[in-house]
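S.K.: Dropping a structure here in structure tokens format, bear with me for questions.
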Amino acid sequence: MAKITKLDDIVSLCKRRGFIFQSSEIYGGLASCYDYGPLGVELKSNVRKAWWKSVVQMRDDVVGVDCSILMHPLVWKASGHADKFADLIAECKKCNVRTRVDHLAENAEEHTEHISLDIAEAAEYDLSNKVCPGCGKIGQFTEPMPFKLMFETQMGANVDDSMMLYLRPETAQGIFVNFRNVLDSTRVKIPFGIAQIGKSFRNEVTTKAFIFRTREFEQAELEFFCQPGTDDDWWHTWKDLRFQWYIDLGIKKENLRLRDHAGDELAHYAKACVDVEYKFPFGSGDWQELEGIANRTDYDLRQHQRGMRTLNKWYETKGDLTKIDLSDEAEDYEKGPLSYFDEEQKKRFIPYVIEPSAGIDRSTLAFLVDAYDEEEVKGQKRNLLRFHPALAPIKAAVFPLVKKDGLPEIAQNICNDFKKYFNCFYDQKGAVGRRYRRQDEAGTPYCLTVDGQTKEDGTVTVRERDSMEQERISTDKLLGYLREKLDI
RNA sequence: GCGGGUGUAGCUUAAUGGUAAAGCUCCAGCCUUCCAAGCUGGUCAUGCGGGUUCGAUUCCCGCCACCCGCUCCA
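This is the structure in structure tokens:
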């Protein structure tokens, strides 16, 4: 179906149609950063809305939040990011394979915990007799290079008195630290979820093709809190729900799959994880992750209880995270400040968390690529985007068949009326066939054409994008007709 | 970060050590009563910086960005 076979085709399509541009392009671009254009911003916004509708609006057991990107530094100490997001890496000069220095130093085969960057730098590793795991050469390493995977910034305009902060590397922690607030303010009862959509920042060592791995990106995350023991069931439930969401919005089944993570692939906090993957039709044809659904257990809430106990040390060291060890967990941590009291069971516990975490930018691109199609119509090539109506940037376009006889005024009025309900586009330029095709390229589901007959019987032609079929609809029934077809 | 490749108009391509060409798109107008028709006119380009040269888009160097592969992937 889709004739896109190279990433270049997608980049070109995105730019040509105003979906995605390179950031700061007139200055030569900025690596890994992209901007959404006029159609792209609508598409992405619709992806967000569809996610929010499915995960929050349509459910009784999920509420939303919108947290700040800047958070207390201890958040990232507690979550593990401050320590585990910093690595010292050396590269083999012979085979260019990069390896974490602590792995080399310990000659460790198995997974080891990350260590703090300052400690790693201070250790002054001697790599002269270490073996490259890539090619077996000995001592052919570059100087160790430190990598900080979180962006740093400072708060406070006075440089001498400012505080280093991180840009959040995930939205999830904002939800965990608001767990208590939501419990206290909304009468939710476990099982329930808290959802958030927002930007996150990760200083990736390597970015990847187009917008698949960027350093600034948008996440849609749900933290679904449940009683321990019910977590496996809820994990399966969300896995199915989230997979179906993509299908319901028009992703072709053959391009979507679920892939379970192997045990050694799991993050330090996760008990289980499955990825929703999309088969992008270019490059090596690799399946790319759109979303991960993880069982994060009670790790995060327990860590934040430790973080709360660490606050005094934080003040004592004047906020130097590297001088702080997270305080030990309380003996009765299950009754701690982030615990949940179950009224029916008269029991306190730390909830388990199921986390569906979706990449908004990645799925936006997947919807775009999956909708792209080319077909032959009367010997002419027709390019179109077969967006699901909920995702289409423009829902309907209104044309006068010709630019005279009062038809433009009638068409303009219809368009203005409909703008109250959805994105509606007016166009009177050139042949009507060309206007239809232009809307096909933008993925607009319906075109309405006002002609001479409209003045006689008040009907207009409704032309459907995918089939190109037309039917005449009375203008007074038009809004209802479209809202039913568009499901809005 | 390594290796390889690429960079000319919005897009696709052309050409050249000496005025950068075309098609499509786009814009204005004419004509047009249902699927990219036609006519007229118009806007828009050698990624950035340096070097060689009388003259560089072309040759050389550096930078930036993108693509492929390696690597990374919480």
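Take 434 as the starting number for the first sequence in our numbering and just add one per residue.
Every residue gets a Cβ at the ideal spot worked out from N, C-alpha and C, and that includes glycine.
Please classify D733: is it buried, with 16 or more other beta-carbons within 10 angstroms of its beta-carbon, or exposed?
M.R.: For the purposes of this step, residue 733 is taken as residue 300 along the first sequence, with counting starting at 1. Classification for D733: buried.
S.K.: In three-state terms, what does DSSP make of E902?
M.R.: Working through the first sequence from its first residue, we reach residue 902 at position 469. In this structure, E902 counts as coil in the three-state DSSP scheme.
S.K.: Does A628 come out as helix, strand or coil in the three-state DSSP assignment?
M.R.: Translated into the one-based positions of the first sequence, residue 628 becomes position 195. Residue state, collapsed to three classes: strand.
S.K.: Quick check: the region 867-881 against the region 891-900, are at least 3 beta-carbon pairs closer than 8 Å?
M.R.: At 8 Å Cβ cutoff, the stretches touch.
S.K.: Under DSSP, the alpha helix (DSSP H) around Q886 begins and ends at which residues?
M.R.: Taking the first sequence and counting its residues from 1, the one referred to as residue 886 is at position 453. Taken as a continuous stretch (DSSP letters only), the alpha helix (DSSP H) holding Q886 covers 885-890.
S.K.: Tell me, please, which residues DSSP counts as bridged to C706.
M.R.: Along the first sequence, read from residue 1 onward, the residue named residue 706 stands at position 273. Partner(s): A727.
S.K.: Return the CA-CA distance between V480 and Y469, expressed in angstroms with no decimal places.
M.R.: Numbered from 1 along the first sequence, position 47 holds the residue referred to as residue 480. Numbered from 1 along the first sequence, position 36 holds the residue referred to as residue 469. The alpha-carbon atoms of V480 and Y469 are separated by roughly 13 Å.
S.K.: Quick check on Q652: does DSSP put it in helix, strand or coil?
M.R.: What you label residue 652 is simply residue 219 of the first sequence in a count that begins at 1. Three-state DSSP puts Q652 in a strand.
S.K.: Quick one: residues in its chain with C-beta nearer than 6 Å to the C-beta of E654, no 5 flanking neighbours on either side, listed in chain order?
M.R.: Translated into positions along the first sequence, residue 654 becomes position 221. So the qualifying residues of the chain are T604, A605, Q629, S790.
S.K.: Applying the 10 Å Cβ sphere with the 16-neighbour rule, what's the burial state of I453?
M.R.: Within the first sequence, numbered from 1, the residue matching residue 453 stands at position 20. It counts as buried.
S.K.: Who are the near neighbours of A541 in its chain, counting only those whose CB is closer than 6 Å to its CB and skipping five residues on each side?
M.R.: Here the question's residue 541 lines up with position 108 in the first sequence. Residue placement at A541 is poorly supported in this model, since its pLDDT is 39, which falls under 50; the coordinates are not used for a value here.
S.K.: In angstroms with no decimal places, state the Cα-to-Cα distance between N856 and H701.
M.R.: Residue numbering aside, residue 856 sits at position 423 when the first sequence is read from its first letter. Residue numbering aside, residue 701 sits at position 268 when the first sequence is read from its first letter. Their backbone Cα atoms lie some 45 Å apart in a straight line.
S.K.: In the DSSP assignment, find the alpha helix (DSSP H) that holds T640 and state where it starts and stops.
M.R.: In the first sequence, residue 640 corresponds to position 207, counting from 1. Here T640 belongs to no alpha helix (DSSP H), and DSSP marks it neither H nor E.
S.K.: Would you call D909 buried or exposed, if buried means 16 or more other Cβ atoms sit within 10 Å of its Cβ?
M.R.: Position 476 of the first sequence, counting from 1, holds the residue named residue 909. Counting Cβ neighbours within 10 Å, D909 comes out exposed, since fewer than 16 surround it.
S.K.: Answer yes or no: do E874 and L801 have a C-beta to C-beta separation smaller than 8 Å?
M.R.: Within the first sequence, the letter at position 441 stands for residue 874. Within the first sequence, the letter at position 368 stands for residue 801. No.
S.K.: Look at G725 and D708 and say whether their C-beta atoms are less than 8 Å apart.
M.R.: Walking along the first sequence from the start, residue 725 turns up at place 292. Walking along the first sequence from the start, residue 708 turns up at place 275. Yes, they are a contact pair.
S.K.: Count the CB pairs spanning the region 734-742 and the region 765-782 that are closer than 8 Å, and state whether there are at least three.
M.R.: Touching, per the Cβ criterion.
S.K.: Grab me the residues of K686's own chain with a C-beta within less than 7 Å of its C-beta, minus the 5 sequence neighbours each way, in chain order.
M.R.: Your numbering for residue 686 matches position 253 in the first sequence. Excluding residues within five positions, the ones whose Cβ falls inside 7 Å are I680.
S.K.: Output yes or no for whether 8 Å exceeds the beta carbon distance between W671 and F657.
M.R.: Here residue 671 corresponds to residue number 238 of the first sequence, with the count starting at 1. Here residue 657 corresponds to residue number 224 of the first sequence, with the count starting at 1. Yes, the pair counts as a contact, with Cβ atoms nearer than the cut-off.
S.K.: Give the DSSP bridge partners of W720, in chain order.
M.R.: Position 287 of the first sequence, counted from the start, is the residue given in the question as residue 720. Its beta-bridge partners are K712.
S.K.: For E722 and I793, what's the separation of their Cα atoms in angstroms?
M.R.: Within the first sequence, numbered from 1, the residue matching residue 722 stands at position 289. Within the first sequence, numbered from 1, the residue matching residue 793 stands at position 360. Computed Cα separation, rounded: 11 Å.
S.K.: Give the C-beta separation of V496 and T619 to the nearest angstrom, bearing in mind that I take them to be a contact with Cβ-Cβ under 8 Å.
M.R.: Counting from 1 along the first sequence, the entry for residue 496 is found at position 63. Counting from 1 along the first sequence, the entry for residue 619 is found at position 186. V496 to T619, Cβ: 6 Å. Contact.
S.K.: With DSSP collapsed to three states, give me the class of Y773.
M.R.: Indexing the first sequence from 1 puts residue 773 at position 340. Residue state, collapsed to three classes: strand.
S.K.: Pick out whichever of A703, P661, A695, E710 has its Cα sitting closest to the Cα of Q677.
M.R.: Numbered from its first residue, the first sequence carries residue 677 at position 244. The shortest Cα separation from Q677 among A703, P661, A695, E710 belongs to E710.
S.K.: Can you grab the Cα-Cα spacing for the pair P833 / Q587, in whole Å?
M.R.: For this step, residue 833 is matched to residue 400 along the first sequence. For this step, residue 587 is matched to residue 154 along the first sequence. The alpha-carbon atoms of P833 and Q587 are separated by roughly 56 Å.
S.K.: Is there contact here, the region 485-500 with the region 583-597, by at least three beta-carbon pairs under 8 Å?
M.R.: These segments do not touch.
S.K.: For C500 and A695, what's the separation of their Cα atoms in angstroms?
M.R.: Translated into the one-based positions of the first sequence, residue 500 becomes position 67. Translated into the one-based positions of the first sequence, residue 695 becomes position 262. If you take the alpha carbons of C500 and A695, they lie about 32 Å apart.
S.K.: Can you find the residues in the same chain that come closer than 8 Å, C-beta to C-beta, to N636, ignoring five residues on each side of it along the sequence?
M.R.: Taking the first sequence and counting its residues from 1, one reaches residue 636 at position 203. Result list for N636: F580, K581, L582, M583, F584, R648, in chain order.
S.K.: So the candidates are G839, K853, G876, F851; which of them puts its Cα closest to the Cα of Q861?
M.R.: Taking the first sequence and counting its residues from 1, one reaches residue 861 at position 428. Nearest of G839, K853, G876, F851 to Q861, Cα basis: G839.
S.K.: When the distance is taken between beta carbons, is F609 closer than 8 Å to S633?
M.R.: For the purposes of this step, residue 633 is identified with residue 200 of the first sequence, where counting begins at 1. For the purposes of this step, residue 609 is identified with residue 176 of the first sequence, where counting begins at 1. No, these two residues do not count as a Cβ contact at 8 Å.
S.K.: Counting only the same chain and skipping the five closest in sequence on each side, list residues whose C-beta sits under 6 Å from that of P471.
M.R.: One-based indexing of the first sequence puts residue 471 at position 38. The residues are G451.
S.K.: With the cut-off set at 8 Å, would you say Y805 and L446 are in Cβ contact?
M.R.: Against the first sequence, residue 805 aligns to sequence position 372. Against the first sequence, residue 446 aligns to sequence position 13. Cβ distance < 8 Å, so Y805 and L446 count as in contact.
S.K.: Which value, in whole angstroms, describes the spacing of the CA atoms of I644 and Y766?
M.R.: Taking the first sequence and counting its residues from 1, the one referred to as residue 644 is at position 211. Taking the first sequence and counting its residues from 1, the one referred to as residue 766 is at position 333. Cα to Cα, the separation comes out at about 41 Å.
S.K.: Tell me, to the nearest whole angstrom, how far the beta carbon of A515 is from that of L744; I am working on the premise that it is less than 8 Å.
M.R.: As a first step, residue 515 must be located in the first sequence, where it is residue number 82. As a first step, residue 744 must be located in the first sequence, where it is residue number 311. No, A515 and L744 are not in contact; Cβ-Cβ is about 15 Å, not under 8 Å.
S.K.: DSSP state of V835, grouped into three classes?
M.R.: In the first sequence, counting from the first residue as 1, residue 835 sits at position 402. Of the three classes helix, strand and coil, the one that applies to V835 here is coil, per DSSP.
S.K.: Starting from the C-beta of D920, find all residues in its chain whose C-beta is less than 7 Å away, skip the five residues before and the five after it, and write them out in chain order.
M.R.: Along the first sequence, read from residue 1 onward, the residue named residue 920 stands at position 487. For D920, where only same-chain residues beyond five positions count, the Cβ hits under 7 Å are P822, A823.
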